[in-house]
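So in my numbering the end of the sequence shown lands on 462, straight run, no missing numbers.
Positions of the beta carbon are idealized from the N, C-alpha and C atoms, including for glycine.
Note that the coordinates shown come from a computational prediction; the quantities given were computed from them, not determined experimentally.
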Amino acid sequence: MFDLINGLPIHPLVVHAVVVLLPLAALGTIAIAVRPAWRHRYGVLVVVAAALSCVLTPVATSSGEALEKHVGDPGQHAQLGDQLIWFEIPLLVLAVVLVWLDRRHRAAAAVTEPSHAAGGSSPAVSSTAVKVVAALAVVAALATSVQVFRVGDSGARAAWGDQVSSSSAGSSNGN
């Protein structure tokens, strides 16, 4: 199903979408984790980018398996690509929880502000939860970024390693 479009492999097309969306989601997650003011404004965009990359990654792996039948085994690239989703899911979940907790914290702060002066409960517990989730989200974003690099590097080596190394060896011998 995820093999060819108009005679061309789907894999490079889908992979490029993931390679753009996932690092944006990781950077966005870090941004909303360290800048609480951005959570309300940009949080949904970060979650959408993370969700789209989670949807497209299985398409990329399936299309990669279809491409493998045409070009051969990509080695480590296939294994690393299969692992990527397990980095993306925590990133998505933590981004969703971070945005949700922030909105919940804002709503609680708005409601308890008048009652806090009268001895009502403080939203500090929510604030602590937001900080813990933000820290975990940064860790997940960094781990995801490293895995994206590893998958991309192994894919580039699988696709271009022989051509580049043989052409650069030939040009260095001719000098």
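- With contact defined as three or more Cβ pairs closer than 8 Å, the region 355 to 374 and the region 315 to 329 are not in contact.
- Counting along the chain, isoleucine 317 sits inside the alpha helix (DSSP H) bounded by residues 298 to 321.
- Of the residues Thr348, Glu375, Ser340 and Ala430, the one whose Cα lies closest to the Cα of isoleucine 297 is Thr348.
- Comparing C-alpha distances from leucine 300 to each of Thr344, Ala394 and Gly315 shows the shortest one belongs to Thr344.
- The region 420 to 427 and the region 391 to 398 do not touch, with fewer than 3 CB-CB distances between them shorter than 8 Å.
- Valine 384 and arginine 326 do not touch by the CB rule: their CB atoms are close to 11 Å apart, not below 8 Å.
- If you draw a straight line from the Cα of alanine 443 to the Cα of glutamate 375, it comes to about 21 Å.
- A straight line joining the alpha-carbon of glycine 351 with that of histidine 303 spans about 12 Å.
- Residue pairing for isoleucine 372: DSSP places it in no beta bridge.
- Excluding its 5 nearest sequence neighbours in each direction, cysteine 341 has C-beta neighbours in its own chain below 8 Å: Ile372, Glu375, Ile376 and Leu379, listed in chain order.
- Per DSSP, the beta bridge partners of leucine 295 are Ile292.
- With a cut-off of 8 Å on Cβ pairs, the region 329 to 340 is not in contact with the region 360 to 370, counting fewer than three such pairs.
- Beta-carbon to beta-carbon, glycine 362 and alanine 421 are separated by about 37 Å, too far to satisfy the 8 Å threshold.
- With contacts defined as CB atoms closer than 9 Å, valine 333 and alanine 394 fail to qualify as a contacting pair.
- Per DSSP, reduced to three states, the secondary structure at proline 361 is coil, with no helix or strand assignment.
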